[in-house]
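So the protein sequences, as listed, match chains A and B. Numbered per this note's numbering, the first sequence finishes at 216, counting up by one with no gaps. Numbered per this note's numbering, the second sequence finishes at 1288, counting up by one with no gaps. Glycine included, C-beta positions come from ideal geometry on N, C-alpha and C. Accompanying notes for the structure given below.
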Amino acid sequence: MVKRRVYVAKVEELPPRIGFAMTVDDKKIAVFRLSDGRIKALENVSPYRQGPLAEGTVSGEYVYCPLYDWKISLLTGKVQEPDEGQVPTFEVEIEQDDVYVWA
Amino acid sequence: MTKEKLLLIGNGMAGVRTIEEILDRDAERYELTIIGEESYPNYNRIMLSNVLQNKMTVEEIITNPMQWYEENQIELIHHDPAVDLQPEAKKVITQSGREVHYDKCIIATGSRSFILPVEGSKLEGVIGFRTIDDTLDMLNRAKTYKKAAVIGGGLLGLEAAKGLVDQGMDVTVIHLEKWLMETQLNEKAGELLRADLEKQGLQFLMEKRTVRILGETRVTGLEFSDGSQIEADMVVMAVGIRPETALARQAGLAVNRGIVVNDWMETSAPGVYAVGECAEHAGKVYGLVAPLFEQGKVLADFLTERETAPYAGSTTYTSLKVSGCDLFSAGIIRESEGIRSIEAYDGLANSYKKLFVQDNNVIGIVLYGDTSEENRYFKMLKQKQDISALTSVSLLSSGGCGGAAGAADNDVTQWADDETVCGCNGVTKGTILTAVREKGLTSVAEVTKVTKAGGSCGKCKGMIGDLLAYVLGDKASTAPTGICGCTDLSRDQIVVQIHEKGLTTSQEVYRELGFRNPEGCPKCRPAINFYLNVAFPKEHADEVASRFVNERLHANIQNDGTFSVIPRMRGGQTTPEQLMKIAKVAEKYDVPLVKVTGSQRIGLYGVKKEDLPKMWEELDMTSAQAYAKAVRSVKTCVGAAFCRFGTQDSMSLGIKLEERFEFIDTPHKFKMGVSACPRSCAESAVKDFGVIGVENGFQIYIGGNGGTEVREAQLLTTVATEQEVIDICGAMLQYYRETGVYAERTAPWLIRMGFQHVKDLLLDVSKRAELLQRLDEAVEGKRVNPWKKAVDSKQLQRELYTVGRG
């Protein structure tokens, strides 16, 4: 399936360490601004019982699922031990002050 | 070969302990039968006063549950006392007519409350204080009656009186002598005790002889020898106990005050033994637990044919189980020919000690207030240490010169292995150390389970703790202590550092205190944010990103990622107008579930995040914070407004409490209930702060929990006005905020802090005012409806509630 570039928000509209949820077609996406300014995007669904990751606690390069506390890398989408799994990631592009994802 | 039949008459502490000792020595030797009068298995009678004082439950004082009888194949003939003992025929007949044959028989019938032989002593409402049933009877009566009179200002009477005060009764203690506990205390200590108990709400009538109990069918009052009278709805007789010897007498055994036994606990009849309060050894009858257990050991040795030293009498001591009145008494405490004494009184610390000395030996001890040196003195007394080398000063004080020896006496780790740590159960230091080492025990509770040390009066638990720390050493200190995996620091260490270093942001805390995870985890982030909010309410800016999603969005996240909306209905009161608004919103937004919640509110469940601000705006109601670690809504009953039983306006008080304290963060949720009568329809007994209206005011209960670990709230006090209820609530909230561990409910918090400590603080009017002031300062300007904030702020809506579309 062909990906397209979708506008998310302006950088300053994304508060650090608070996820932003969005839907693109039937895809659910969570966009995060880390404390160091990097912006990352994951599928907004935890592999365990579909917890909405955008509502999770962000710490450094990880987000914790708000429902079951699974720890997931914001950089790679990899579920951290002791749990296992993978969350799809989305490429983020920043142009001027505008944030886009490829979805 | 068939086993010998051993019969125990009396299912109480002394007898059952003897059986336990026999089982320990030779579990296969006897076929065991126990006959008991009461309908409970063996329980710890000493702890009845704790049940009355709300410190323990009946279940907690059962020492041998039914399972124990089954496991040891003991036949228990329950609730059916022995009425006829025939030593020649070696049989016993019970009340129901059952015949039990034995080869050996132990009598351990204990004693009964002595009921004064005065007119009216059989009236309804006159009770002794001896059994679980007596205690339950008192608890029951305390719910409906107001005035109690306790006859007898001894150990038992004072513990009963304190318990009844804790149950909310007006209690007067009537005592025949000039000062309280006159057989254990001298006049000075007796007066100090009385003053302290008066502060705790007890009233006293001294040097009064009761001559008549007034009343037609049930008790209404007392009359004294000087003609004066007082009113009373309940009379507790605590003038002493009498050994229960009827069965032995009827069987023709030698009986004086108690059943006469020799050094092997043998009675005058062959094959019949007696232990405990019913037995008289060398002219002495004991009413304390330690001697009974010592007797039980001798008898167990004897019945299992082990070599043993004859029972040579016991040295006893007394302490009182009333918080804030620490006292210790042992030995001979009267001056007479050849007995001299030294004493010291510290008026500032309210502590007093007096030692009685004869031939360079301590033979009597009275300690009041500071009892920390009871072990040191009791050891001197028991071991008949020669004290001629000690000066009066060094004898009275373990510090200063000559202090080394004193300090060693107090330090259980320095004791010899054969010295007794638990006096009640006769457990030595060596026994405890062996158990800890061989069975790998790590807690006081485990030590008690295995060795019985600490299982009776519980005074020695501190020493057991010291021994555990001594043996476990490093192992104890390497256990994880940190609040989460990011740090090894405890809550207290973190909070102290926050104050000392003046840290005002989470970032500073994580950096300065060297957290392994520089941005923390979901466990410590909200905790640190909370501690900072409490420590520096003005300087610390609340960190939304550190709050759990519920408190960030002001809605409770559901298992499918949707949210709930629960508007505030103060005191559980609503109006047709509110209900119509809720109905309209629920319909418009197609809310999948509308439900009445456990706290008397209406919840809308399954709401989409992006709908939240619109629904709040249309509802135009405030948030009930049903998602937050904060003061929750107050549950109330209908109360005096409509209810036939209501004594107070519970709804109005509930609404006032809610208005005064809503939107205040606490370590965990803080639930309240206000009921207008003891039927407690608002379930006040399982609330963090529960109020029960009574005729003359409000009973306040704290630390209850109806959740994962059900815990009954404890009666804090009874106050006359709504304002006092509100002030005490605010002071408790602030103290909980200042000292609570994040996510710790008030029930464990109260246990950790100590009920008495919290009580002393909240009932101290000036300390209460200080706490209230700190609370008001800390939350000033912050108690706002968060829904309105979101409705009014386009920025908040965009940042927190918008779902982007691509």
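Asked                                                                                                                          : Found
Any C-beta of chain B under 8 Å from that of Q193(A)                                                                           : no
Cβ pair R1029(B), I1146(B) closer than 8 Å                                                                                     : no
Three-way DSSP call (helix, strand, coil) for E206(A) in this model                                                            : strand
Counterpart residues of Q199(A) in DSSP-defined beta bridges                                                                   : K191(A)
Environment of D1093(B) [buried if 16+ CB atoms lie within 10 Å]                                                               : buried
C-beta atoms of G936(B) and C904(B) nearer than 8 Å                                                                            : yes
Between the CA atoms of V767(B) and Q732(B) - distance to the nearest angstrom                                                 : 20 Å
Touching by the beta-carbon criterion (3+ pairs, under 8 Å), the segment 662-682 of chain B and the segment 809-827 of chain B : yes
Pick from I501(B), I946(B), D708(B) and A1110(B) that is closest to L923(B), judged by C-alpha positions                       : I946(B)
Three-state class that DSSP yields for R612(B) in the structure shown                                                          : coil
Span separating the alpha-carbon of D745(B) from that of M688(B)                                                               : 40 Å
The segment 858-869 of chain B contacting the segment 756-776 of chain B, beta-carbon criterion three pairs below 8 Å          : no
CA-to-CA distance, K537(B) to D974(B), given in whole angstroms                                                                : 26 Å
Nearest-angstrom Cα separation, counted from R118(A) out to A1229(B)                                                           : 54 Å
Nonlocal neighbours in the same chain, by C-beta distance under 6 Å from G634(B), ignoring five residues either side           : A720 and V721
Beta carbon proximity, R623(B) to chain A, threshold 8 Å                                                                       : no
Three-state secondary structure (DSSP) of F1012(B)                                                                             : helix
Euclidean distance between Cα positions of R1142(B) and V1261(B)                                                               : 11 Å
8 Å Cβ cutoff, V1033(B) in contact with chain A                                                                                : It should be noted that the sequence gives Glu, not Val, for residue 1033(B). Taking Cβ atoms only, chain A never reaches closer than 8 Å to E1033(B), which makes this a no.
Strand pairing of H657(B), partner residues [DSSP]                                                                             : M688(B)
M135(A) in three-state terms, based on DSSP                                                                                    : strand
Neighbourhood of E1226(B) by C-beta, 7 Å cutoff - its chain only, sequence neighbours within 5 removed                         : P1149 and H1150
When Y1071(B), V844(B), Y799(B) and T500(B) are compared against L637(B), the one with the closest alpha-carbon                : Y799(B)
Within-8 Å CB hit, Y161(A) to chain B                                                                                          : no
Min CB distance I131(A) to chain B below 8 Å                                                                                   : yes
Endpoints, the beta strand (DSSP E) within which L949(B) is located                                                            : Note, L949(B): premise wrong, no beta strand (DSSP E); alpha helix (DSSP H) at K943 to L954.
Where the beta strand (DSSP E) containing D1024(B) begins and where it ends                                                    : Where D1024(B) is concerned, there is no enclosing beta strand (DSSP E), given that its DSSP letter is neither H nor E.
Distance, W215(A) Cα to K140(A) Cα                                                                                             : 11 Å
Residues sharing a beta bridge with N1187(B), DSSP                                                                             : R1193(B)
Neighbouring residues, chain A, relative to I976(B) (Cβ below 8 Å)                                                             : Within chain A, no residue comes near I976(B); the closest Cβ sits about 17 Å away, beyond 8 Å.
Between the CA atoms of D562(B) and L452(B) - distance to the nearest angstrom                                                 : Only positions 483 to 1288 of chain B appear in the structure, and residue 452(B) is not among them; the question remains open.
Q989(B), DSSP secondary structure in three states                                                                              : helix
Cβ-Cβ distance between R499(B) and G820(B) below 8 Å                                                                           : no
Spatial distance of V894(B) from K911(B) (CA atoms)                                                                            : 8 Å
Touch test, the segment 1069-1082 of chain B against the segment 1121-1130 of chain B, Cβ-Cβ under 8 Å, three pairs minimum    : no
Cα-Cα separation, I656(B) to A714(B)                                                                                           : 12 Å
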